[in-house]
Amino acid sequence: MNGSPSHPGAELAILVVAAGRGSRAGEGPPKQYRRVAGGTVIAHGLSALHRAAPKAVIAPVIHEDDLDLYYESVAGLDALTARRLKSPVYGGATRQASVLAGLEALDADRDNRPKIVLIHDAARIFASKELIIRAISAAKSYGAAIPGVAVTDTIKEVDADGSIVATPPRARLRAVQTPQAFDFDFILAAHRNAAAAGADGLTDDAAIAEWAGHSVHVFEGDAGNMKITSAEDLAIAEARLIRDLEDIRIGQGYDVHAFGPGDHIWLGGLKISHDHGLVGHSDADVLSHAITDALLGALADGDIGSQFPPSDPQWRGAASKIFLAAAAAKVRERGGMIAHIDATLVCERPKVGPHREAIRASIATILGVPLDRVAVKATTSERLGFTGREEGIASIAIATVRLPI
Ligand code: MG
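2 is the number of the first residue of the sequence shown in the working numbering; add one for each residue after it.
If you want it as structure tokens, here you go:
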């Protein structure tokens with residue numbers, strides 16, 4: 002079996018359970034689709050699992066209402082991670098039903114049935130390679146194993162009135178985590194049997210294994226393998242993710258387009274009525290072009306002309322949000338995040354002020370960053386030069402990008 006610890010992942014599937022609603026994390030989409038440090042929670046988690054187990058098949062189980070959110074999330078994943086991802090499977094009404102749906106999908110892929118399956122929560126995005134190696138090893142040795150960490154708080158058992166009824170000895174207690182690790186054939190059969198028997202109140206997969214009469218080994222977990230549950234957890238997770246992006250790059254971009262006939266211009270992906278148009282090979286969105294070049298500059302990855310050559314007919318009349326989104330995807334493919342965009346438009350007209358907030362929102366949406374990380378400013382050139390004579394619009398942009406070292 003080619004599952005040696007130095008290459009974790011062969012004959013391994015990691016089921017990522019992401020079908021929950023995550024209501025404890027406050028307003029907005031389910032917590033696994035919240036955006037932190039340049040990507041969604043689930044995207045960070047999938048990337049971490051791929052880094053920890055490059056050969057593993059990664060099999061997400063999602064809620065059917067979340068299909069669009071899911072595909073938006075994984076659109077920014079690097080190509081190697083994306084290649085290991087199976088198509089998502091819809092979960093059921095309970096976590097137990099969701100896991101069974103995921104296991105059935107793995108079973109149905111007859112040519113690639115795993116020997117070992119790790120069942121993992123999408124809300125744990127810091128699974129380390131060492132933890133995955135311990136999980137695989139424990140699954141091979143014991144058939145059913147889960148990670149646990151010693152508890153540091155004294156745990157009290159209380160009754161309905163809040164009175165203490167027991168103080169279990171702390172040395173024997175473990176706070177358990179995921180990934181829970183199993184022999185695939187065993188846990189699939191156990192899940193099927195539990196479902197058939199109507200045993201549907203089992204809250205984790207260790208409980209399924211116990212229900213099936215199998216002893217479950219507890220191996221060493223990882224205190225850093227936190228579960229994101231609350232809004233506070235999201236903030237802690239973002240701080241940890243950002244801390245790892247120490248290679249801070251600044252890129253700058255500059256662009257000019259001339260006015261010509263027309264009744265609108267595009268700025269930051271937003272259509273704005275004007276008594277002229279801007280002339281260009283694409284839609285002449287001068288602001289988007291400057292920002293795209295700033296991002297490419299921060300990555301030292303050519304410029305908009307080399308990435309999207311004007312000689313290529315597919316870019317004729319193209320919406321420039323394609324270029325912006327592609328530059329943002331390049332940042333994410335490098336495992337990085339866009340920390341900030343600061344852009345300036347230089348023109349006498351149109352007046353940018355009334356459109357500023359809409360332009361910011363458009364750019365933030367296209368780049369997939371929070372609104373407070375996008376600044377758009379405007380100035381005239383005091384009637385001097387080509388912008389002063391209203392022959393065209395100039396734009397300058399600076400992008401701050403954080404990459405892993
Ligand atoms: Mg241009």
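The C-beta atom is built at its ideal place from N, Cα and C for all residues, glycine as well.
query, result
"For ASP69, which three-state DSSP category applies?", "helix"
"What residues sit near the ligand MG, counting only those whose C-beta is closer than 5 Å to one of its heavy atoms, in chain order?", "ASP256 and HIS290"
"Check for me: the alpha helix (DSSP H) holding GLU105 runs from which residue to which?", "96-109"
"Evaluate the contact criterion for the segment 355-365 versus the segment 301-309: three or more CB pairs, one atom per stretch, below 8 Å.", "no"
"Is the beta carbon of ILE136 sitting closer than 9 Å to the one on ALA207?", "For the sequence presented, residue 136 should be read as Ala rather than Ile. Their beta carbons are not under 9 Å apart, which means ALA136 does not touch ALA207 by this criterion."
"Bridge partners of ALA19, per DSSP?", "ILE63"
"To the nearest angstrom, how far is the alpha carbon of THR401 from that of ASP264?", "34 Å"
"Between which two residues does the beta strand (DSSP E) harbouring PHE183 extend?", "181-184"
"Residues in the same chain with beta-carbon distance under 6 Å from TRP267, minus the five sequence neighbours each way, listed in chain order, please.", "ASP284 and ASP286"
"Measure the beta-carbon distance from VAL377 to ALA329 and round it to whole angstroms, keeping in mind my assumption that it falls under 8 Å.", "The Cβ separation is near 16 Å, so there is no contact."
"Any idea if ALA109 is buried or exposed, counting beta-carbon neighbours within 10 angstroms, 16 or more meaning buried?", "exposed"
"For GLU392, which of helix, strand or coil comes out of DSSP?", "coil"
"Tell me, which residues are paired with ARG403 by DSSP?", "ILE249 and MET338"
"In angstroms with no decimal places, state the Cα-to-Cα distance between ASP245 and GLY337.", "10 Å"
"Straight-line CA distance for LEU68 to VAL17?", "15 Å"
"Per DSSP, what are the beta-bridge partners of ILE165 in this structure?", "VAL159"
"Are there 16 or more other CB atoms within 10 angstroms of the CB of THR204, so buried, or fewer, so exposed?", "exposed"
"Just the Cα atoms here: how many angstroms apart are TRP316 and HIS282?", "7 Å"
"Under DSSP, the beta strand (DSSP E) around THR380 begins and ends at which residues?", "375-380"
"Which whole runs of the alpha helix (DSSP H) in the segment 220-302 are 4 residues long or more, in chain order?", "232-244 and 287-299"
"If you run the structure through DSSP and keep just helix, strand and coil, what is ILE323?", "helix"
"9 Å is my cut-off, CB to CB: does TYR71 come that close to chain C?", "In the displayed structure, chain C is absent; only one protein chain is listed."
"Quick check: what's the CA-CA separation for ALA123 versus LEU50?", "10 Å"
"Alpha carbon to alpha carbon, how far is GLY93 from GLY21? Give it in angstroms, no decimals.", "10 Å"
"Assign ILE237 to one of two classes, buried (16 or more other C-beta atoms within 10 Å of its C-beta) or exposed (fewer than that).", "exposed"
"List the endpoints of the continuous alpha helix (DSSP H) containing ALA53.", "42-53"
"Please confirm whether any heavy atom of the ligand GDP lies closer than 8 Å to the CB of ILE133.", "Because the ligand GDP does not appear in the structure shown, any question about it cannot be addressed here, the ligands present being the ligand MG."
"Over what stretch of residues does the beta strand (DSSP E) that includes GLY149 continue unbroken?", "145-151"
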